[in-house]
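Only one structure is covered here, and it is reproduced in the block below.
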Amino acid sequence: MKFNEYISTHHVFGTEALLEEADSRSAARQQLKEAAAKGAVARVRRGLYVSNAPRFADSGVDPYEVVSALDPDAVLSYHSALEAHGVAHNMGFECRFRTGVAKSPFSFGSIRYIPHPAEGGVPRQRVRGRATGTVYVTTREQTVFDCLKHPEWAGGIEEAVRSLSALPYLDSGKAAGLALADSASMAARVGWLLEAKSEDWRVPPEVLDLLRSASVGVASKLDKRAPSSRGWAKGWSMCLPDTEEEVASWVM
């Protein structure tokens, strides 16, 4: 494929993907260098570019396109997963994803891209991007687990709880399984949320019993980074970062 034809049909692309389709790899490398100098393409990071071809003139750069072009197996995670599932309480200016391709954060436009180490077999599903194509995202259940384990990567604990509680449904058994395989603290955090949403999510009592049993005798925190505790979830032996009434209001 000719270089100009390629950049007119590929909005975000990796250098290697371009070279694989080029008629001449050496010529394509030189043309890419010249195109970058002229502004026909913009460098996102090493090996990753955005085309400024006329057909893309009115198109913003979809972060999902960037992530997918960088690593087709990348998985949107944490607050980015909340956004992909359509439940984020607030929109962010970060895009977090699991990948084995990139290790260092990078920025393009107004978005900060933050890679996390890929974890083999993390539960994922496909979602359609805002512009075109699809990308992987953690499942609802994995997203609940991730955001309660690391609320600092989900916009903070209030943002995490408000967003997670907006999920229309999830498999409570799978969410509980992830927590039970981790720690007593995670059993308490996930159990607390499942109990608060038990009616909407139709959580079986036996699932809550398992989580409560796993958390017995261990005092934990809903937000491990909270500098102080202002409330107490008695049924889960868990400190809350604000009063029980205030934290309850975060659950929609």
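Here this note's numbering is used: position 110 in the sequence shown is 93, and no number is missing along the way.
All C-beta atoms, glycine included, are put in the ideal place defined by N, C-alpha and C.
As the structure is a prediction and not an experimental result, all values here were calculated from the model.
Using a 10 angstroms sphere on the CB of F76, the tally of other CB atoms stays under 16, which defines it as exposed. For the pair W184 and P210, the Cα-to-Cα distance works out to about 31 angstroms. The Cβ atoms of V70 and V(-5) do not sit closer than 8 angstroms to each other. Here the C-alpha atom of H99 lies approximately 31 angstroms from the C-alpha atom of S232.
In this structure the region 1 to 8 does not touch the region 46 to 64; the number of beta carbon pairs closer than 8 angstroms is below three. Here DSSP, grouped into helix, strand and coil, assigns R123 to helix. Taking the Cα of E124 as reference, the smallest distance to any Cα among G112, E142, I140, A162 is reached at A162. If you draw a 10 Å sphere on the C-beta of V199, you find fewer than 16 other C-beta atoms in it, and that means exposed.
Secondary-structure assignment with DSSP links C222 through a beta bridge to K204, W215.
Note on geometry: alpha-carbon atoms of V186 and S155 lie some 6 angstroms from one another. The region 89 to 96 and the region 162 to 181 do not touch, with fewer than three beta-carbon pairs separated by less than 8 angstroms. The C-alpha of S203 is placed about 15 angstroms away from the C-alpha of E227. DSSP places P100 inside the beta strand (DSSP E), whose first and last residues are 94 to 100.
In the three-state scheme derived from DSSP, where H, G and I count as helix and E and B as strand, R79 is classed as strand. For L194, the CB contacts under 6 angstroms within the same chain, skipping 5 residues up- and downstream, are A159, A170, G174 in chain order. Beta-bridge pairing by DSSP links Q108 to V120. Within the region -6 to 65, complete alpha helix (DSSP H) segments of at least 4 residues are found at -2 to 4, 8 to 21, 46 to 53, given in chain order. Per the DSSP secondary-structure output, F(-14) pairs with nothing in a beta bridge. For S(-9), there is no enclosing alpha helix (DSSP H), since its DSSP letter is neither H nor E.
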